[in-house]
Structures are given as C-alpha cells and as structure tokens.
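FYI, in the numbering used here the residues of the sequence shown are 1 to 203. I have placed the structure first, in the form of structure tokens, so that the comments after it can refer back to it.
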Amino acid sequence: MRKNIINTIKSLREKGYKTKLYTNVEDAKKELIEKIDTSDTVGIGGSMTVFDMNIYEALIEKNVKTYWHWKASNEEVKDIRDKADRANIYITSTNAITEDGKLVNMDGVGNRVASMFYGHDKVFIIVGTNKICKDYETAKDRIRNVAAPKNTERLVLDTPCRLTGRCSDCKSSARICNIETIIHRKPADVDMTIFLIDEELGY
1 MRKNIINTIK
11 SLREKGYKTK
21 LYTNVEDAKK
31 ELIEKIDTSD
41 TVGIGGSMTV
51 FDMNIYEALI
61 EKNVKTYWHW
71 KASNEEVKDI
81 RDKADRANIY
91 ITSTNAITED
101 GKLVNMDGVG
111 NRVASMFYGH
121 DKVFIIVGTN
131 KICKDYETAK
141 DRIRNVAAPK
151 NTERLVLDTP
161 CRLTGRCSDC
171 KSSARICNIE
181 TIIHRKPADV
191 DMTIFLIDEE
201 LGY
C-alpha cells in the first residue's frame, strides 16, 4: 500500500472518522447500499464520483427515497435540494483530502459542503485516492487548478478557468469557488464514514 494512503487512513481514524479502504468501486458501492435501509431518506450532493458509480440509481432500485438536484428539472431543483438537506443520510465526495486528515472543499452554492457537517444523522464521503494531497496548500491548488476548471468545462460556465485551466480568483457571476470549507476533525454530532477507493474517481 502506498505511503500516502497509509498516512491518510491513520490520520482520519485518529480524528474520529470511520474509514475503510476499498480496492475497487464495486465493493465500495455494494457495502454502501447495504448500509442504507428502505426506511431511510437520502440526500446526495453534487459529485462526479457518486454520478459515475450510479449510486442514485441503485438506491432508487432499492426503493429508498433519494433526493438529488442533479436528477431534477430546473423547476424542481430548489425543492429537491431542500429535501436533500432534511434527509437523515447524506452522500457526497470531497474535493481533496490531506494526509493529515483534513477534508478540503470549495462550492458554488454551499448546500453540499454544509451538509457534510450539519443536519444529517449519517454522512458517507466517497473518495478516490487520486484526491489525496500532501497538505492544505496542495489540496487548495488541486481544487483551484484541477477540479474547478474541469467542473466549469463540464457545466459550460462563463469563467476564465474554463478557458485557461487555471484559477484567476475571478469575479464571474458563474464562479463555482464561492465557499471554502476545511473539516479538521470529525464533526461532533455526525456519524461520518469515509469510503476511500484506490481508483481515480471524480475531479
């Protein structure tokens, strides 16, 4: 096992997170779906990792009430976000994770990052080992110059980073880096589990 993965898992566990390493997406997805009961309600935050793993579809197939604004019409987005905010379980990814156990994120609206640490009984963070960074500075650089440009390209947003691939701390109204959060330790009132998958997932 690579040293950066060992260091990250050790740090996360010391900070109170339930953390497990998976060698592949299929095993992680199977265990995640098994942990969720049909009596639960699930909210999902914007995440290409969750999207590519087809977690939403698996939950719907299991007859779990699941709310994700990515699967809503434009008219339904606000209502679905509100329902996701009130779900007892929340699933998303993180933009970056440091070897000393910090979860670093930037967001445009803020619903995803807020739900990572408040308002839910359980939170599941699904993250590929490609998002492991040495420290906060490299995590911030990864978000600004890797994740953000790829997301603005995916969404076809009018931001400089979509064209240049580099953050310029722009003033665009379409900017998606409006809010930054750093979770230093497991939030006090949240049962949080981190599924670390040894694959390249998401941005």
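Glycine included, C-beta positions come from ideal geometry on N, C-alpha and C.
Under the three-state DSSP convention, the category residue i falls into
i, result
"V123", "strand"
"D191", "strand"
"T92", "strand"
"L201", "coil"
Residue range of the unbroken beta strand (DSSP E) whose run includes residue i
i, result
"K20", "18 to 22"
"V42", "41 to 44"
"T49", "That residue, T49, is in no beta strand (DSSP E); its alpha helix (DSSP H) goes 48 to 52."
"T211", "The first residue shown for the chain is 1 and the last is 203, placing residue 211 beyond what the model contains."
"T66", "65 to 67"
Residue i: first and last residue of the uninterrupted alpha helix (DSSP H) it sits in
i, result
"E180", "It is not in any alpha helix (DSSP H) - E180 instead sits in the beta strand (DSSP E) that spans 179 to 183."
"E76", "Taken as a continuous stretch (DSSP letters only), E76 belongs to no alpha helix (DSSP H), as it is neither H nor E."
"A87", "Looking at the DSSP string, A87 is not in any alpha helix (DSSP H), and its letter there is neither H nor E."
"D169", "Neither: D169 is in no alpha helix (DSSP H) and is coded neither H nor E."
"K29", "25 to 34"
"R13", "3 to 14"
"I55", "55 to 61"
Classification of residue i by the beta-carbon crowding that lies within 10 angstroms, buried from 16 upward
i, result
"V156", "exposed"
"K171", "exposed"
"L163", "exposed"
"M1", "exposed"
"I6", "exposed"
"S93", "buried"
Selection from the options that minimises the alpha carbon distance to residue i
i, options, result
"G46", "E137, D27, V113, N88", "V113"
"L32", "R86, N54, K15", "N54"
"D191", "I9, Y67, G16", "G16"
"N255", "N7, I176, A188, K3", "In the structure as shown, the chain starts at 1 and stops at 203, and residue 255 therefore has no counterpart that could be examined."
"L59", "D52, T41, S73", "T41"
"D121", "D27, K71, I36, D189", "D189"
"N223", "T152, S93, K83, G101", "What the structure shows of the chain is the stretch from 1 to 203, and residue 223 is not part of that stretch, so it cannot be assessed."
"N111", "Y136, T152, A87", "A87"
Residue i beta carbon near the ligand SAM (any heavy atom closer than 7 Å)
i, result
"N7", "With respect to small molecules bound, the structure shown includes none, and the ligand SAM cannot be examined in it."
Item to check | Those runs of the beta strand (DSSP E) which lie wholly inside the region 96 to 147 and span at least 3 residues | outcome: The qualifying runs are 96 to 98, 103 to 107, 122 to 128.
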